[in-house]
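**Q** I'd like to ask some things about the structure below.
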Amino acid sequence: MTRTIIPLLLALTATAAPAGRAATDLAGVWLFPRSDEFPGLRMMRLAPAPDGWSGTVTTDWYGDLPMRAVEIGKGEARFLIDNGNPRLPPRQWTARIEGRGLHVSGDIWERHVDARVRRGTAADERRLAFATAPLPAPATLKPDGLAATPPMGWSSWNRFAAAIDDRTVREIADHLVSSGLRDAGYRFVNIDDGWQGTRGPDGAIRPNARFPDMKALTAYVHSKGLKIGIYSSPGPRTCAGFAGSYGHVEQDARTFAAWGFDYLKYDLCSGEGIFRTAAQVKLAYQQMGQALRATGRPIIYSLCQYGRDRVGTWGRDVGGHLWRTTGDIEDKYASMAAIGFDRNGDADNAGPGGWNDPDMLEVGNGGMSEDEYRTHMSLWAIQAAPLMLGNDVRTMSPSTIALLENRDVIAIDQDPLGRQGRRIRKDGEAEIWARPLADGSVAVALFNRGTSPRDIQLRVEDTGLSRIATLFDVWAGAPDNPDRRTWTLSAHGAVLLRLSPR
Ligand code: GLA
């Protein structure tokens, strides 16, 4: 008798419920209204544990997000939630008893959650459980001989974001050929995020309606003497919210190979909420690396986890041929310069077969001056960075073509020695970088990071050469006096030289 009456009385005075009793009411499974909106909230579980309370918030994007620092009191639970992104502090969430349900509020990434949840059953809990997928045992993949020089090509993201389609990709391929960019070395046509549809009954990923026939598309691109790339994530969702490869890693690798792809960019995205330690992230990348190898098709593997966890020290071991060293570039001088001068990875990790990737090019997208784009190209070339065009190559100005097709710049980027250049002098806003080249010459780049023109002086001893016999001004496209030591650089400008001792 008392057993039924007491909870009833307490329910009637729910808002003023004593902490102890309300706590019991908080325990259980709570169901969010279903929505495909980020982060795909499914359910919340709260339970007393020997040392306090514990719980999870289950989502489509991140699986089970653990509640941390759970505090129970005054008819509510307070706890911290984070999505695994190291740049964001954990956020405070509350779940307050309201009638027969709970009112849940808190923030995750850029979304504010404000939801009414209702009590669920054990059957609901089973139905909404997030199926976890196993990671492989640690292994070290052997070099496969691909990417002897930094990969070059084009990628859809910087210019088209998720609004990419079959027709645009074909037209880009056509124009890579007709503009001469293919013959200058830009070989990959990479579809970034936004191609994915849903999974079929067999679990196989299918493209969305903008990509009616992937096999026909890869065949078309191949027929132009080009290679083609695709994109996925080790997490359940990609950064733009499309289906990721979580739980389907081997199957997706086989699908990509069967479609005829030659390149995969694998972007951590929602995986950051699931793979929470550096070791787990590494295994998640290894899993796809092994899966790509198992297809038997040569596929360039591009790791994109924003340069965390010292990826340059293990990127090769998981089968990677390039690894991002930074968050996303923007078409602004400040963004490009911050990455190009300071987030280009450890030069010791780069070399034939594996490259630091400071992100794709913005040249030709309109947000920087010609001098700034020349600085962008000079920085990427001196650092042996992959050169992935990020502009619409169907509509390029002659100056953009000249920046992108300069054979002497590309020769520095693609130098077979594969040594990444380094900063050899910094004097306020003046910087000098140098890169040793296979033929014994040295590429030297002078940079003016300031907003007014200035002179920069080169000292022979800085170059690592004992004498300079020939001096070639790469952007001028002409030899210069080997005894010249001073250049006047425009604001945000660069001079790129090739110096030879013979
Ligand atoms: C991340 C990557 C970008 C791009 C987008 C796609 O932000 O860093 O390069 O691939 O995802 O959603």
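Residue numbers (this note's numbering): 10 to 511. The C-beta atom is built at its ideal place from N, Cα and C for all residues, glycine as well.
1) May I ask which residues mark the beginning and end of the beta strand (DSSP E) holding L506?
2) For the region 342-383, list the alpha helix (DSSP H) runs that are entirely contained and at least 4 residues long, ordered along the chain.
3) Could you tell me which of G459, I477, R458, P95 sits nearest to V451, measuring between CA atoms?
4) In the DSSP assignment, find the alpha helix (DSSP H) that holds T409 and state where it starts and stops.
5) Quick test of your reading: H519 and G269, contact by CB under 8 Å. State the CB separation rounded to the nearest angstrom.
6) Beta-carbon distances below 6 Å to any heavy atom of the ligand GLA define the shell here; list its residues in chain order, please.
7) Taking R333 as the reference, which of S311, V327, W323 has the closest Cα?
8) Given that a residue counts as buried once 16 or more other Cβ atoms are within 10 Å of its Cβ, and exposed if not, what is G49?
9) If you pair each beta-carbon of the region 131-142 with each one of the region 200-217, do three or more pairs fall below 8 Å?
10) Using three-state DSSP, classify E119 as helix, strand or coil.
11) Would you kindly work out how many angstroms separate the C-alpha atoms of G64 and E46, rounded to a whole number?
12) What number of angstroms, rounded off, separates the C-alpha of S279 from the C-alpha of W70?
13) Would you kindly report the start and end of the unbroken alpha helix (DSSP H) that includes V79?
14) Please determine if the region 237-244 and the region 270-277 are in contact, where contact requires at least 3 C-beta pairs separated by less than 8 Å.
15) For P407 and A346, I'd like the C-alpha separation in whole angstroms.
16) Are the region 82-97 and the region 143-156 touching, with three or more C-beta to C-beta distances below 8 Å?
17) Secondary structure at R30, three-state DSSP: helix, strand or coil?
18) Taking the C-alpha atoms as reference points, what is the distance between R196 and A138?
19) Would you report the Cα separation of T68 and L74, rounded to the nearest angstrom?
20) Name the one or two DSSP bridge partners that G37 has.
21) Per DSSP, what kind of secondary structure is V290 in: helix, strand or coil?
22) So what does DSSP say about E46, is it helix, strand or coil?
23) Could you tell me the boundaries of the beta strand (DSSP E) in which V2 lies?
**A** On the basis of the coordinates in this document:
1) Against the sequence shown, residue 506 aligns to sequence position 497. Per DSSP, L506 belongs to the beta strand (DSSP E) from 503-509.
2) The qualifying runs are 342-351.
3) Taking the sequence shown and counting its residues from 1, one reaches residue 451 at position 442. Closest option to V451, Cα to Cα, is I477.
4) Indexing the sequence shown from 1 puts residue 409 at position 400. That run of the alpha helix (DSSP H) goes 407-414.
5) Outside the displayed range of the chain (10 to 511) lies residue 519, so it cannot be described from this structure.
6) Output, sorted by chain position: W166, D201, D202, T247, C248, A249, D276, C313, D337.
7) Within the sequence shown, residue 333 is the residue found at index 324, counting from 1. That would be S311, whose Cα lies nearest to the Cα of R333.
8) Residue mapping note: residue 49 aligns to position 40 of the sequence shown, counting from 1. Residue environment analysis places G49 among the buried positions, since at least 16 neighbouring C-beta atoms fall within 10 angstroms of its C-beta.
9) No, the region 131-142 does not touch the region 200-217.
10) Here the question's residue 119 lines up with position 110 in the sequence shown. Judged by DSSP in its simplified three-state form, E119 adopts coil rather than helix or strand.
11) Locating residue 64 in the sequence shown gives position 55, where the first residue counts as 1. Locating residue 46 in the sequence shown gives position 37, where the first residue counts as 1. Across the structure, G64 and E46 are spaced so that their CA atoms are roughly 22 Å apart.
12) Reading the sequence shown from its first residue, position 270 is the one you call residue 279. Reading the sequence shown from its first residue, position 61 is the one you call residue 70. So the alpha carbons of these two residues sit roughly 6 Å apart.
13) Sequence index remark: in the sequence shown, residue 79 carries index 70 (1-based). That residue, V79, is in no alpha helix (DSSP H); its beta strand (DSSP E) goes 77-82.
14) In the pairwise beta carbon analysis, the region 237-244 is classified as touching the region 270-277: at least three pairs are separated by under 8 Å.
15) Translated into positions along the sequence shown, residue 407 becomes position 398. Translated into positions along the sequence shown, residue 346 becomes position 337. C-alpha separation (whole angstroms): 24 Å.
16) They do not touch, by the three-pair rule.
17) Taking the sequence shown and counting its residues from 1, one reaches residue 30 at position 21. Model confidence at R30 stands at a pLDDT of 48, short of 50, so the residue's coordinates are unreliable; what they give is reported in the following sentence. Residue state, collapsed to three classes: helix.
18) Taking the first residue of the sequence shown as 1, we reach residue 196 at position 187. Taking the first residue of the sequence shown as 1, we reach residue 138 at position 129. Spanning the two alpha carbons is a distance of roughly 44 Å.
19) Counting from one through the sequence shown, the residue named residue 68 turns up at place 59. Counting from one through the sequence shown, the residue named residue 74 turns up at place 65. Distance from the CA atom of T68 to the CA atom of L74, rounded to whole angstroms, is 7 Å.
20) On the sequence shown, residue 37 is found 28 positions in, with the first residue counted as 1. Bridge partners of G37: L55.
21) Position 281 of the sequence shown holds residue 290. Note: V290 maps to helix in three-state DSSP.
22) The count along the sequence shown starts at 1 and reaches residue 46 at position 37. Note: E46 maps to coil in three-state DSSP.
23) This structure does not reach residue 2, given that the chain is present from 10 up to 511, and the question cannot be answered.
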